[in-house]
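Quick notes on the structure that follows.
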Amino acid sequence: MSEPNVTLIEEAAKLDAADELRAKRADFVLDDTIYLDGNSLGALPAAVPARLADVVAREWGQLRIRSWEESGWWTAPERIGDRLGRIVGAAPGQVVVGDSTSVNVFKALVGGVRIVQARDVSRDEILVDESTFPTDGYIAESAARLTGCALRSVPAPEMAAAVGPRTAVALVNHVDYRTGRLHDLPGTTAAVHAAGALVVWDLCHSAGALPVGLDAHGVDLAVGCTYKYLNGGPGSPAYLYVAREHQPRFDSPLPGWNSHADPFGMAPAYTPADGAVRGRVGTPDILSMLALEAALDVWDGVSTAAVRAKSLALTDFFLRCVDTYVPAGCVESVTPAAHERRGSQIALRCVDAGEVMAELIRRGVVGDFRRPDVLRFGFTPLYTGFADTERAARVLAAVLAGAPGEVA
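Our numbering puts the first residue of the sequence shown at 31, with every later residue one more than the last.
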């Protein structure tokens with residue numbers, strides 16, 4: 031078993047002392063566990079329980095139906111959408127919160143194809159990155175059948191070269207969920223546009239971990255979940271971004287009553303509302319939505335540039351600690367070393383990864399396992415520290431060596 035490296039421990043302490051985000055850790059409910067799974071489920075922000083209790087006891091329990099107006103329930107999807115927009119670089123009026131990521135991928139893909147085919151019916155192809163999260167692939171296949179398109183899988187780094195005169199829409203994950211590889215959002219978006227197509231970005235593994243710049247880079251449509259780096263809670267609602275220029279032509283394949291221009295008119299014919307409201311479908315899931323709104327308070331005064339700088343520093347430091355503590359050949363990083371190609375996680379390939387992760391969790395280091403052989407460690411800059419990072423690498427080395435007793 032590797033002995034503690036005094037130099038690394040001292041360096042971690044200095045980095046934590048200089049960390050401009052260190053005070054944010056107190057805004058979360060945490061314990062002595064080293065929690066490196068915020069890329070799957072973020073930690074609980076401390077303000078959420080009291081806010082949710084008030085929503086249940088007062089807004090629902092006392093005001094009841096009046097809360098749709100008096101407590102702002104009806105406007106919550108757009109209000110919270112604008113708060114998310116500040117994190118992903120979208121001006122107000124372009125993000126709506128609601129439904130799941132899968133549902134929003136479906137809306138974005140079909141809506142995107144309809145926009146393109148309205149001007150060029152010959153565009154009958156959807157591209158999807160071949161290592162996409164499975165649900166995106168499933169939804170893309172269904173959207174292709176519905177719109178009469180062919181579906182073609184392409185490695186995300188080759189998407190810019192693959193888009194052609196038949197392409198209607200390309201669906202790309204900003205960060206690969208297995209490896210943590212960051213894909214080129216500005217370059218791919220520009221290439222897709224140059225070919226006359228639209229692009230849909232899945233931001234599930236990037237929003238809240240790094241600057242996205244949806245408006246700045248001219249992104250057409252984007253989707254994402256809110257329970258990872260955004261800490262919205264298990265099953266918290268997803269979001270849909272439709273760039274302002276596309277909103278008048280966005281024809282949702284799920285035209286629910288909540289996106290009607292006159293939702294309480296109960297007309298038999300559908301007339302879409304203007305703006306981001308077109309992305310709504312049915313009655314908003316108020317409890318989880320307002321829990322998310324409270325969770326977003328932790329972002330007040332936080333710069334995504336500072337989050338990105340700390341993310342890269344944490345992941346760099348973790349790789350150095352792994353190199354120091356873990357014998358050569360025991361693990362292999364599949365996350366790119368280059369900063370411009372790295373998200374906020376480190377994925378290590380090793381033998382018996384499932385058993386290794388189970389033992390890490392038993393010893394107080396929580397990451398997760400992806401078949402067949404990948405250990406994933408997610409670094410959430412708002413609450414992960416450098417001392418956590420050093421300790422996690424040291425416990426990993428102990429587990430791989432079969433040494434007893436080394437716990438976080």
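Where a beta carbon is used, it is the ideal one built from N, C-alpha and C, also for glycine.
Assigned secondary structure, residue i (DSSP; H/G/I helix, E/B strand, else coil)
i, result
"Ser363", "strand"
"Tyr168", "helix"
"Ala246", "coil"
"Ala121", "coil"
"Leu260", "coil"
"Ala299", "coil"
"Val352", "helix"
"Val59", "strand"
"Phe163", "coil"
"Ile231", "Checking the sequence, you will find Trp at residue 231 rather than Ile. Of the three classes helix, strand and coil, the one that applies to Trp231 here is strand, per DSSP."
"Ala198", "strand"
"Pro75", "strand"
"Asp112", "helix"
"Ser318", "helix"
"Glu33", "coil"
"Arg149", "coil"
"Asp418", "helix"
"Asp398", "strand"
"Glu188", "helix"
"Ala358", "coil"
"Leu139", "helix"
"Asn203", "strand"
"Leu157", "strand"
"Arg406", "strand"
"Ser236", "coil"
"Asp292", "coil"
Euclidean distance between Cα positions of residue i and residue j
i, j, result
"Ala321", "Arg81", "7 Å"
"Ser97", "Val86", "11 Å"
"Tyr413", "Ala73", "9 Å"
"Ala25", "Asp327", "For the chain, the structure presents residues 31 to 438; residue 25 sits outside this window and is missing."
"Ala433", "Val356", "12 Å"
"Val59", "Val311", "33 Å"
"Gly397", "Ser132", "24 Å"
"Met31", "Glu41", "Note on Met31: pLDDT 46, under 50, position unreliable in the model; the coordinate value appears next. In a straight line, the C-alpha of Met31 is about 21 Å away from that of Glu41."
"Tyr259", "Gly408", "9 Å"
"Val5", "Leu342", "Any property of residue 5 remains undetermined from this structure, which presents the chain solely from 31 to 438."
"Arg149", "Thr256", "34 Å"
"Pro285", "Arg113", "24 Å"
"Asp427", "Ile39", "Strictly speaking, residue 427 in this sequence is Ala, with Asp absent from that position. Going by the C-alpha atoms only, they are around 15 Å apart."
"Phe348", "Ser363", "11 Å"
"Ile110", "Gly295", "25 Å"
"Gly167", "His276", "24 Å"
"Asp49", "Leu344", "11 Å"
Beta-carbon proximity of residue i to residue j, cut-off 8 Å
i, j, result
"Leu215", "His204", "yes"
"Leu93", "Val158", "no"
"Arg406", "Ile64", "no"
"Val253", "Asn134", "yes"
"Ser282", "Arg308", "yes"
"Val125", "Ala306", "yes"
"Ser318", "Gly238", "no"
"Ala198", "Val146", "yes"
"Arg392", "Pro34", "no"
"Tyr271", "Ala120", "yes"
"Arg379", "Val395", "no"
"Ser70", "Ala268", "no"
"Asn261", "Pro79", "no"
"Thr219", "Gly248", "yes"
"Leu181", "Ala170", "yes"
"Ala77", "Ala324", "yes"
Closest by C-alpha distance to residue i, when choosing among the options
i, options, result
"Ala43", "Met296, Val437 and Phe416", "Phe416"
"Ala138", "Gly243, Glu40, Leu240 and Ala273", "Ala273"
"Ile117", "Val229, Pro264 and Cys234", "Cys234"
"Gly210", "Ala423, Asp67 and Glu50", "Asp67"
"Asp62", "Ala428, Asp418, Gly435 and Ala431", "Asp418"
"Val193", "Glu171, Ala221 and Gly178", "Ala221"
"Ser374", "Phe347, Thr410 and Glu385", "Thr410"
"Arg401", "Lys54, Asp46, Asn288 and Gly384", "Gly384"
"Gly115", "Ile316, Leu284 and Trp329", "Trp329"
"Ser236", "Leu344, Arg372 and Phe136", "Arg372"
"Asp315", "Val242, Gly128 and Ala428", "Gly128"
"Asp346", "Ile376, Val332, Asp84 and Ser333", "Ile376"
"Leu164", "Asp206, Ala191 and Gly178", "Inspection of the sequence shows that residue 164 is occupied by Pro rather than by Leu. Per the Cα distances, Asp206."
"Arg279", "Asp304, Ala427 and Gly178", "Asp304"
"Pro293", "Asp382, Glu275, Gln277 and Thr313", "Thr313"
Neighbour flag for residue i against chain C, beta carbons, 8 Å
i, result
"Ile169", "Of the chains in the structure shown, none is chain C; there is only one protein chain."
- Query: Within the chosen definition, does the segment 341–357 reach the segment 177–186 through at least 3 CB pairs nearer than 8 Å?
  - Reply: In short, these stretches do not touch, since the Cβ pair count stays below three.
- Message: For the structure I just gave you, are there three or more beta carbon pairs, one from the segment 356–370 and one from the segment 296–307, closer than 8 Å?
- Response: No: the two stretches stay apart, fewer than three of their Cβ pairs being nearer than 8 Å.
- Between the segment 150–164 and the segment 330–337, do at least 3 Cβ pairs fall closer than 8 Å? Cβ pair count under 8 Å is below three, so no.
- Is the segment 217–232 touching the segment 240–257, taking contact as three or more C-beta pairs under 8 Å? The segment 217–232, when compared against the segment 240–257, does touch it at the 8 Å Cβ threshold.
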